[in-house]
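Residue numbers (this note's numbering), protein chains in the order written: chain A, 6 to 331; chain S, 89 to 423.
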Amino acid sequence: MTDTTQPLLKVRDLKVIFGKGHHAVSAVAGVSFDIFEGETLGLVGESGCGKSTTGKALMRIVEPSSGSIELDGTDLAELKKGGRQLRNIRTRMQMIFQDPISSLNPRRRVKDIVAEPLDCWKTVSGHERDVLVSDLLSKVGIDPAVYGNRYARQFSGGQCQRISIARSLAMRPKLLICDEMVSALDVSVQAQILNLLEDLKAEYGLTLLFIAHDLAVVKNVSDRVAVMYLGKICEIGPADALYEAPAHPYTKFLLGAALEADPDSPIHSQVLEGEPPSPMNPPSGCRFRTRCPKATELCASEEPMSQEVAPGHQVACHFPLSITRK
Amino acid sequence: MSVTPEKLLVVNDLSTTFATAGGPLPAVANVSFDLTRNETIGIVGESGSGKTVLSRTIMGLQPRTNVAVTGSVLLNGNEMVGTAESVKRGLWGTEVAMVFQDPMTSLNPVMRIGKQIDETLRVRLGMSKQDAKARAIELLELVGIPSPSQRYDAFPGQLSGGMRQRVVIAIALACSPKLLMADEPTTGLDVTIQAQILNLLDELKERLHMSVVLVTHDLGVVATRTSRIVVMYAGRIVEIGSTRDVFANHRMPYTRALLESSPKVSNASHTRLITIPGRPPNLLKLTQGCSFAPRCAYASDKCHQERPELQGADQPGHSFACWNPLPTTRGDSAS
Chain A
6 MTDTTQPLLK VRDLKVIFGK GHHAVSAVAG VSFDIFEGET LGLVGESGCG
56 KSTTGKALMR IVEPSSGSIE LDGTDLAELK KGGRQLRNIR TRMQMIFQDP
106 ISSLNPRRRV KDIVAEPLDC WKTVSGHERD VLVSDLLSKV GIDPAVYGNR
156 YARQFSGGQC QRISIARSLA MRPKLLICDE MVSALDVSVQ AQILNLLEDL
206 KAEYGLTLLF IAHDLAVVKN VSDRVAVMYL GKICEIGPAD ALYEAPAHPY
256 TKFLLGAALE ADPDSPIHSQ VLEGEPPSPM NPPSGCRFRT RCPKATELCA
306 SEEPMSQEVA PGHQVACHFP LSITRK
Chain S
89 MSVTPEKLLV VNDLSTTFAT AGGPLPAVAN VSFDLTRNET IGIVGESGSG
139 KTVLSRTIMG LQPRTNVAVT GSVLLNGNEM VGTAESVKRG LWGTEVAMVF
189 QDPMTSLNPV MRIGKQIDET LRVRLGMSKQ DAKARAIELL ELVGIPSPSQ
239 RYDAFPGQLS GGMRQRVVIA IALACSPKLL MADEPTTGLD VTIQAQILNL
289 LDELKERLHM SVVLVTHDLG VVATRTSRIV VMYAGRIVEI GSTRDVFANH
339 RMPYTRALLE SSPKVSNASH TRLITIPGRP PNLLKLTQGC SFAPRCAYAS
389 DKCHQERPEL QGADQPGHSF ACWNPLPTTR GDSAS
């Protein structure tokens, strides 16, 4: 949104490698991006592309193998694991997970779940704490007087996701990482949660990293979108521009495969053949070349660097598609 | 049995009620629809709307105890309701076959995929070992599995989700069924793989002259793949009609809510979604009125007291169950 200011989160060449030797899998193979204050960056890709691992590595739930993660100028990747500084900085970033039911303890009361971060940090106590918890629950549409004393197991998926949101907001974080937070919900509930997220983002001045596989959902919430394939970002740009005129062949196929709830929408004539290669043995050069109809020898020998095709729109492809508007 | 009926499938007043500790649970209630040959019909609804129970009841796959099924399912002239399992066994595979949602759990993880296809061919069609193997490899090729003769010996765990779903489809097609029930066949698959599987189903339907029942929660899946759509809510059909009518001229407020609450790729980012409050009802605590009334913006007293029956709309074959239907053209509904 505010391009001239310093980004809130600056990620450079982040790598996550699981395992060692020839069993090593580079789940995230060097991703770099910025998230500016107040914006929503959507991170989209198919299963196994490394989008969730990226989100977890930012929180250091999984350990990054290399690279830097700067939040407001502090490099999280440098901080000691389990140390005080890392604990401190984590209050400013929170994560919401995919499965709302398993991410809450079924045997705890809702108000205690939401109060947990406050109790850990002892920022507020007594009456003040109860007021804050009630306020948070009301904000996410759960009546604290009626439901506050109920157990998490008594709630549906959509309500559990609301409780997760309330808990994540308790410490007033700046950055919220949402990992597939609506993919387990029915469409009518999904719409409620997405609208709620937009409202809370405005009210709390949040910055979001929204990770999802659903292209329509990602577009709906994002200012900018990054597309991942096999551990790398292949394209990043403003949401509307990227969806209207994708520059990377993979993005184009991905968008072409998205199903629109409209009987007049064209049936998939161009379907991407095959499946993503194993990240244990990624192709040389461009990682998409094995499925790309435009691939040449250059794509096999040399990895494409990210290049700017329009202001704020970068693509990692030797032969980007023309993005001139219709 | 001897004459070939015009309709491949006729479902009439079908209800499936489970006996639970909390009382009778009407998972499917008074459902009627039919399917002609070589047609694809979509059944859409949210979780708990009864779409999966409906498709299993059509197959005759309900549990043996604690369930009451009434009504009739005529499959190519064969009654499926109340029929002994030994009789239904004779119909499974050849008349009707099913593709389940989760390709991992519907395959045996410790049996080679080729053997799982052979099994059907040998038991149902009495093929010899060699013939069954040759046919299984043909089927693997038909569903687009590369190097089928090598894959014949693979275990399910060695295949990706999309490939496993192709194997499940191959098993379903082994005895050339006339009707294919596909219950969420692409849920859990990536979009590019989903497109491949849907194209495959379309192509096979044409090539093998099958009818398909496509059960899904995703309106995008049915929009371009079906000729007609059944919309289910709380176990009942709330709207049925041609795909075009259901998308463009829907009369039931729930259908509209379902369509408008899903984000669309063609909309600009930050488009506010239209939502309906609440969530689907508890089937154990249904009221006597319309099940959607508690969430409906148009609900009147009548809606809470009396259940609307399906009534015909302007277009033939289009019906909806609503006391206060939306106006026929969408432009009017805004005023």
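Heads up, the beta-carbon is just placed ideally off N, CA and C, and yes, glycines get one too.
Extent of the continuous beta strand (DSSP E) run through residue i
| i | result |
| --- | --- |
| residue 114 of chain S | 111-124 |
| residue 312 of chain A | 312-315 |
| residue 178 of chain S | That residue, residue 178 of chain S, is in no beta strand (DSSP E); its alpha helix (DSSP H) goes 173-179. |
| residue 341 of chain S | Premise fails: residue 341 of chain S lies in the alpha helix (DSSP H), 341-349, not in any beta strand (DSSP E). |
| residue 243 of chain A | 237-243 |
| residue 40 of chain A | 30-40 |
Cβ-Cβ separation, residue j to residue i (assumed contact under 8 Å), whole Å
| i | j | result |
| --- | --- | --- |
| residue 113 of chain S | residue 371 of chain S | 5 Å |
| residue 139 of chain S | residue 320 of chain S | 5 Å |
| residue 230 of chain A | residue 224 of chain A | 7 Å |
Where the alpha helix (DSSP H) containing residue i begins and where it ends
| i | result |
| --- | --- |
| residue 100 of chain S | Unbroken run through residue 100 of chain S is the beta strand (DSSP E), 95-108; no alpha helix (DSSP H). |
| residue 304 of chain A | 302-306 |
| residue 137 of chain A | 131-144 |
| residue 234 of chain A | That residue, residue 234 of chain A, is in no alpha helix (DSSP H); its beta strand (DSSP E) goes 229-234. |
| residue 218 of chain S | 217-230 |
| residue 254 of chain A | 254-262 |
| residue 293 of chain S | 279-296 |
| residue 127 of chain S | Counting along the chain, residue 127 of chain S falls outside any alpha helix (DSSP H), and DSSP gives it neither H nor E. |
Neighbourhood of residue i by C-beta, 6 Å cutoff - its chain only, sequence neighbours within 5 removed
| i | result |
| --- | --- |
| residue 105 of chain S | 112, 114, 156 |
| residue 138 of chain A | 116, 119, 120 |
| residue 186 of chain S | 147, 269 |
| residue 423 of chain S | Because residue 423 of chain S sits at a pLDDT of 31, beneath the cut-off of 50, its placement in the model cannot be relied upon, and the following sentence gives the value as read from the coordinates. If we look at residue 423 of chain S and ignore the five residues flanking it on each side, it has no Cβ neighbours. |
| residue 247 of chain A | 230 |
Proximity to residue i [Cα-Cα], best of the options
| i | options | result |
| --- | --- | --- |
| residue 306 of chain S | S:118, S:127, S:124, S:135 | S:135 |
| residue 195 of chain A | S:138, S:350, S:290, S:396 | S:350 |
| residue 144 of chain S | S:357, S:309, S:189 | S:189 |
| residue 32 of chain A | A:11, A:45, A:68, A:156 | A:68 |
| residue 327 of chain A | A:71, A:109, A:257 | A:257 |
| residue 172 of chain A | A:203, A:114, A:191 | A:114 |
| residue 204 of chain S | S:318, S:314, S:254, S:345 | S:254 |
| residue 41 of chain S | A:66, A:88, A:259, A:30 | Residue coverage of chain S in this structure runs from 89 to 423, which leaves residue 41 of chain S outside it and unanswerable. |
| residue 181 of chain A | A:41, A:123, A:82, A:261 | A:41 |
| residue 322 of chain S | S:141, S:289, S:334 | S:141 |
| residue 304 of chain A | A:311, A:285, A:324, A:318 | A:324 |
| residue 217 of chain A | A:249, A:104, A:176, A:291 | A:104 |
| residue 25 of chain A | A:300, A:313, A:285, A:210 | A:285 |
| residue 340 of chain S | S:354, S:286, S:329, S:410 | S:410 |
| residue 126 of chain S | S:294, S:222, S:367, S:358 | S:294 |
| residue 51 of chain A | A:219, A:179, A:83, A:38 | A:219 |
| residue 153 of chain A | A:135, A:163, A:162 | A:135 |
| residue 211 of chain A | A:227, A:123, A:245 | A:227 |
| residue 11 of chain A | A:43, A:48, A:86, A:215 | A:43 |
| residue 224 of chain S | S:240, S:232, S:214 | S:240 |
| residue 108 of chain A | A:75, A:163, A:241 | A:163 |
Close beta carbons around residue i, own chain, < 8 Å, minus the five adjacent residues each side
| i | result |
| --- | --- |
| residue 381 of chain S | 375, 387, 391, 392 |
| residue 181 of chain S | 208, 212, 262, 263, 265 |
| residue 21 of chain A | 31, 32, 33, 55, 58, 59, 62, 67, 68, 69, 70 |
| residue 201 of chain A | 145, 146, 167, 170 |
| residue 310 of chain S | 130, 132, 302, 304, 317, 331 |
| residue 287 of chain A | 31, 34, 235, 236 |
| residue 209 of chain A | 174, 177 |
| residue 403 of chain S | 329, 330, 333, 337 |
Spatial neighbours of residue i in its chain, beta-carbon cut-off 7 Å, leaving aside the 5 residues before and after
| i | result |
| --- | --- |
| residue 100 of chain S | 120, 159, 160 |
| residue 365 of chain S | 383 |
| residue 164 of chain S | 93, 96, 183, 266 |
| residue 299 of chain A | 254, 324 |
beta-carbon residue i near the ligand GDP non-hydrogen atom, thresh 7 Å
| i | result |
| --- | --- |
| residue 328 of chain A | In the structure on display, the ligand GDP does not appear, and there are no ligands present to speak of. |
Point to revise | Members of the region 197-215 of chain A that neighbour chain S once the beta carbon cut-off is set at 8 Å | key: If the cut-off is 8 Å between Cβ atoms, the region 197-215 of chain A has 197, 199, 200, 203 near chain S.
Practice item. Residues of the region 144-165 of chain A with a CB closer than 7 Å to any CB of chain S: list them in chain order, please. Key: Listed by position, the residues of the region 144-165 of chain A near chain S (Cβ gap below 7 Å) are 161, 163.
Practice item. Compile a chain-ordered list of the residues in the region 271-286 of chain A whose CB is closer than 9 Å to at least one CB of chain S. Key: Cβ contacts with chain S: 271, 272, 273, 276, 277, 278, 279, 280, 281.
Check your understanding: Mind listing which residues of the region 73-107 of chain A have their C-beta closer than 9 Å to chain S's C-betas, in chain order?
Key -> From the region 73-107 of chain A, no residue has a Cβ closer than 9 Å to chain S.
**Study point:** Positions along the region 245-265 of chain S whose CB lies within less than 7 Å of some CB in chain A
**Key:** Taking 7 Å as the cut-off between beta carbons, the residues of the region 245-265 of chain S near chain A are 248, 250, in sequence order.
Practice item. Give the residues from the region 278-297 of chain S that approach chain A closer than 9 Å (Cβ to any Cβ), ordered along the chain. Key: Cβ contacts with chain A come from 278, 279, 280, 281, 282, 283, 284, 286, 287, 290.
Point to revise | Residues in the region 360-394 of chain S having any Cβ partner in chain A nearer than 9 Å | key: Interface annotation for the region 360-394 of chain S against chain A: 360, 361, 362, 363, 364, 365, 366, 367, 368, 383, criterion Cβ-Cβ distance under 9 Å.
Review point. Along the region 48-63 of chain A, what residues have a CB closer than 8 Å to any CB found in chain S?
Key: Those residues of the region 48-63 of chain A that come within reach of chain S (Cβ to Cβ, closer than 8 Å) are 51, 52.
Exercise for review: Could you name the residues of the region 231-256 of chain A whose beta carbon sits closer than 8 Å to any beta carbon of chain S, in the order they occur along the chain?
Suggested key: Of all residues in the region 231-256 of chain A, 244, 245, 248 have a Cβ within less than 8 Å of some Cβ in chain S.
Practice item. Using a Cβ-Cβ cut-off of less than 9 Å, give me the residues of the region 169-187 of chain A that come near chain S, in sequence order. Key: Taking 9 Å as the Cβ-Cβ cut-off against chain S, none of the residues of the region 169-187 of chain A qualify.
Point to revise | Residues of the region 286-299 of chain A with Cβ closer than 7 Å to any Cβ of chain S, in chain order | key: The residues in question: there are none.
Exercise for review: Please name the residues in the region 150-176 of chain S whose beta-carbon is closer than 7 Å to at least one beta-carbon of chain A, in chain order.
Suggested key: So nothing in the stretch comes that close.
Exercise for review: Note down, in chain order, all residues in the region 18-47 of chain A with a beta-carbon under 8 Å from any beta-carbon belonging to chain S.
Suggested key: Residues of the region 18-47 of chain A that bring their beta carbon within less than 8 Å of a beta carbon in chain S are absent altogether.
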